[in-house]
Amino acid sequence: MDAALFPVWLAAVPLAGAAAGLSFRSRIRALQTWTLLVSLAPLPMLLAMADQLRGTSWSPWLLGLLPVAAFVSVLAQTVHQESRSALPMTLVLLGLGLGALVAGGGLGVLLQAALLGSLAALLYCHRHIPGAVPWGGIAALAVGLAGLVVAWLASPPMSTLALLAASATLLPLAPVHGGYVAAFRGLPGNLPAFSAVLLPAVGFHDLLMLMPDLSAEMLRVPAMLALAGAIFGSLKALTQSRVRLIVAYAGLSLFAILWWYIAATGSAPPQATVYLLAVGLVTSGFLLAWHAVQARYGEVDLRAIRGLAYPMPRFSTFVFLLALAAIGLPPFGVYAGFMGMLLTPSLPLTAALAVIIGTLLAACWYVLGLAQQLLFGGHRSDLRYRDLYPAETASLALIIVLLLALGVLPPRLLDSGAPAASGHATEPFTWTR
Amino acid sequence: MSALVLVPLLPLLTVALVLIGRGASCERLARWGAVPVVAAFFGAVATLILIASRGAVTIRFYEAAAPASPAFPIGFHFDRLSAVMMVLITAIGTIIYLYSVRYMQQERGYARFLALMMLTVSMLLCMVASANLVMLFVFWQLVTVQLYLLANRHEHRPTLDGAFKMLTLLRTADLVFLAGIVLAYGLYGTIEFRELADRAAAAPVMLTLWPGVIEIRGATAVTLLLFVGAMGKSVQFPLHLWMPVSLYAPTPVSALMHAGLVNAGGFLINRLAPLYGLSDTTLHLVFLVGIVTVVSGACLMLVQGDIKNTLGFSTIGQMGYMIMECGLGAFALAVFHLIAHGLFKATAFLNCGHVIHRARREPVLPHAPHTTGEHDLQRLTWATGFVTTLLLPLVILLATHGLLDMPLLDSQGTVVFLFFTWITSSQAILTLTRLRAVASWKVSTAMLGTLGLVVFTYLFAAETFTHFLYPDPADVARYFQAAALPGRLFDGLVGGTVVVTIVGWICLYAQTQGRVMRMPAWLEDLRLRLYVPLLNRFYLDMLYARLGHGVMRLANDVDKRAAGRVP
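Residue numbers (the numbering used here), protein chains in the order written: chain H, 1 to 433; chain L, 434 to 1000.
If you want it as structure tokens, here you go:
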């Protein structure tokens, strides 16, 4: 395969699959099976092009996680008329995302703009979903789109700042995180679970591409926004009673840690990639688990459901493991990435570390509160409990396995070779030696 | 030597055996599950003998200079300290497992409970055998999770709330521990125990927190942060509140917690003794926290109304004692203390479980009549106790000078050992005063025997056990030197405690003789006034609850203000 055409093929296969899937749209089960197969189609292509991908910003192993994330999200999806549109859109987003990651130059920007536009369109079309918050999300995605346009047309440093803003809408950074939060709440079917991995991955890729052009002054603002976002996300997560919003704000606060690290050190070592993917998988896992509850009991408030530990042991085991992973406990990827980032010589010893560690402590509070509320307590006699089906079990098991793999594999396997920034943010309260 | 790695992993076989069983086979497999646990105990003993004869063994599965995965540098370090701890953990784990196999029969979640217990034992063994700070921290955190799972009874609301509070408190301490590790790595570039202390000693660093205002030594900052982590696990004031709420757990769990888990803090300080020896500030703070914990734990114990709570607060007091010993530089004594306490407390908890079980079957229990009558003790008994208590210091002084050649006046540490010896034997004798004096000579002989046992044990701890754990006397002297308190303060503390003990004797004697002790009115009033705060555990639960509510109010405020403006 010609290396120049590889990004085109990588994007085209899932897009073509989505188009072909329209012929199955009256048969949902067949459509689901078709989507599962097509979502895995990029994997052999990535393996075949592994050598050519070396030296780019991503290793084939990491790119391969996106099709797997799509596969897992579709696998856990309950077959329902309302989710008919979600299945082909999964393939569309997968194609656009993979293409945006691998393609460079104008094609990459075009594909990423199409991705943002598709998300905004989806949010608009499904604005009637109860509890959806589309307008703020659509506005944030519009900011991202505008950033991409400016980055394409303008010259540095304007283009750098514009692309930085665009990446902040995908790898969520307050105050332009609306699109990320809206995706969790306003997208149908399995799309929130898939978006939880896809959006941060694309945003992170943009950030890596910008690294050489980012000066210390440019990084100061993201560093401060990251700290503010970590606190804001934690406080918002504490007040929510809807699981999707808890998970969305948890993602915001945990990704803020990544933003702060990159801004403070001016680098993105392999541990940062591990952390990114682990947080994405954890949030995706929670959404899949909650989807299983919704499929059985509808869109319930968290306070209305409890005591699932005994009647649903498989579900409870997975949710508890996800909770442990989310709060940064070993041997999962969030811990490995977080510890790996903190134990780098370039980490500045500043007062901001207290905010970072406090963010993880807050995550312990609301994530474990969520798990405890769901799993423990007396169960309700008016509910009929049914444990996970094999497909749901398989998808959550795969998420856990991936989190474990990210936790224990040597980070050098995931080395992206990303260049460092030209500077790093200096902070006012530094412990000098 | 690599086979030593199997010792911490053997209890995992028990976990597997227990989990594969179903129904009746579960109980049979649970009994067979005792085999790997017993094997782990014998393995630990063999490890101790091997280490004592051949020296420490380190097995690393990573490059110490540049670990490929800094988050998981897996390595095991078997030295005298870890071997002693492994023997203790496996011994207690074996006893508790054998007890639990029968005690928890017919209970819901039987297999899960046994599996969690043995998983905890395995994690504790891995923790004490860790080769570096990060691996120790990995298992430290996993033990926190195990505590949460073990202490949690799914359908019981107070237990749920208590378990959540426990996890929040412990996780807070764990994350401060993490901050200490990050700071240590940032300052000294290593996570290896010995290298950390060597680099800290070779290149002292000053941290400027506030230019011109607050400066702190690097070693002090690191040890302080690590100590907060130790405070959480070892139930030090004010992070001790998770202990009472964990008492809803089954009795074997309480035994494992109080005999095994709470020792983690003392172990951590011992493991990092060379680093702690570089910071007198931290050691003094450790001492202070220990004293406050001793006093609060003992006072809180006095107002409890049931067995488990009484034992729970007793543990808090004892852990305060242990930490206080660390704060005085008596690290080996702290290890000795935690071993003795672990064995004693496990016995007490398992016995109380037995009593509770019997009480469920025999509703007339407890049937032992309460006696409120005065103790009828002979003057000879009192005289023996009184004289030995007062003369004991002189006897020990002469004995140690003559027999052990310990430079008493030069070392606060030696005085510490003697003082603890005297306090312990006095306490033992005071306790014996509750015996009904059938014949006063018997009681007097028992007192003298107790005295001899305590003196021998403490001198053994002072000399032999210290030498076993810390073979280099220069190290021991350095730790005592670092922890030395200002002379007048030290003398005041020792003198004050001596006076309190003697006054206690006098009051007790007067009470039993039917004499009325004239107490000042303010003192009587104080006793009554203190009762309510003690019953409310110094209102710390309320303070934590208010702190939590304050955070939630802030979160709700932010949520309201952001509504409509920021998604």
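A virtual CB, placed ideally from N, CA and C, is assigned to each residue, including glycine.
Note that this is a predicted model, so its numbers are computed, not measured.
Between the region 388-401 of chain H and the region 628-644 of chain L there are fewer than three C-beta pairs closer than 8 Å, too few to call the two in contact. Interface criterion not met: the Cβ of L:MET755 is under 9 Å from no Cβ in chain H.
In this structure H:GLY407 touches H:ALA336 by the C-beta definition: roughly 4 Å separates them, less than 8 Å.
Taking C-alpha positions only, L:SER533 is separated from H:ARG314 by approximately 26 Å. Nearest CB-CB separation between H:VAL319 and chain L: not below the 9 Å threshold.
Residues of the region 361-388 of chain H with a C-beta less than 9 Å from any C-beta of chain L: LEU361, ALA362, CYS364, TRP365, LEU368, GLY369, GLN372, LEU375, PHE376, GLY377, GLY378 and HIS379, listed in chain order. DSSP lists L:PHE509 as the bridge partner or partners of L:ILE492. Residues of chain L whose Cβ lies closer than 8 Å to the Cβ of H:ALA121 do not exist, since the nearest Cβ in that chain is about 18 Å away. The residue from L:ILE935, L:ALA485 and L:MET519 with its alpha-carbon nearest to that of L:ALA477 is L:MET519. For L:ARG650, the beta-bridge partners assigned by DSSP are L:MET639. For the pair L:THR714 and L:GLY753, the CB atoms are not nearer than the 9 Å cut-off. Rounded to whole angstroms, H:ALA289 and L:CYS785 show a C-alpha spacing of 42 Å.
Under the three-state reduction of DSSP output, H:SER73 falls in the helix class. Neighbours of L:TYR618 in chain H, taken as residues whose beta carbon is under 7 Å from its own, are LEU343 in chain order. Taking a Cβ-Cβ cut-off of 7 Å, the neighbours of L:GLN574 in chain H comprise LEU329 and PRO330, given in sequence order. Flagged as an interface residue toward chain L: H:LEU349, by a C-beta distance shorter than 9 Å.
For H:MET89, the uninterrupted alpha helix (DSSP H) segment begins and ends at 86-102. Per DSSP, reduced to three states, the secondary structure at H:THR78 is coil, with no helix or strand assignment. L:THR553 has a beta carbon lying at 9 Å or more from every beta carbon in chain H.
At a Cβ-Cβ threshold of 9 Å, L:MET550 and L:PHE572 do not count as neighbours.
Listed along chain H are LEU361, CYS364, TRP365 and LEU368, each with a C-beta nearer than 9 Å to that of L:THR601. Excluding residues up to 5 positions away in sequence, ALA132, GLY186, LEU187 and PRO188 lie with their Cβ nearer than 7 Å to the Cβ of H:HIS126 in the same chain. One finds PRO1000 in chain L with Cβ atoms closer than 9 Å to the Cβ of H:GLY137, taken in chain order. Interface residue (Cβ-Cβ distance to chain L less than 9 Å): H:VAL181 is classified as such. In the three-state reduction of the DSSP assignment, H:SER267 falls in the coil class. DSSP places L:ASN565 within a strand segment (E or B) once states are collapsed to three. In the structure shown, H:THR350 adopts extended strand secondary structure according to DSSP, grouped into three states. Chain L has a Cβ within less than 9 Å of the Cβ of H:LEU324.
Across the structure, L:ARG513 and H:ASP51 are spaced so that their CA atoms are roughly 51 Å apart. Straight across, the Cα-Cα distance linking H:ALA11 with H:LEU98 is about 6 Å. DSSP, read as helix, strand or coil, puts H:GLU392 in helix. Going by beta carbons, L:LEU659 and L:ILE614 fall inside the 9 Å limit.
Against chain H, the CB of L:THR605 has a partner CB under 9 Å away; the residue lies at that interface. Taking a contact to require three or more Cβ pairs closer than 8 Å, the region 29-42 of chain H and the region 69-81 of chain H qualify as touching.
L:GLY622 reaches chain H at PRO345, counting residues in chain order whose Cβ is nearer than 8 Å. Short of 6 Å from the beta carbon of L:GLY665, and not among the five residues preceding or following it, lie these beta carbons of its own chain, in chain order: LEU603, ALA606 and LEU672.
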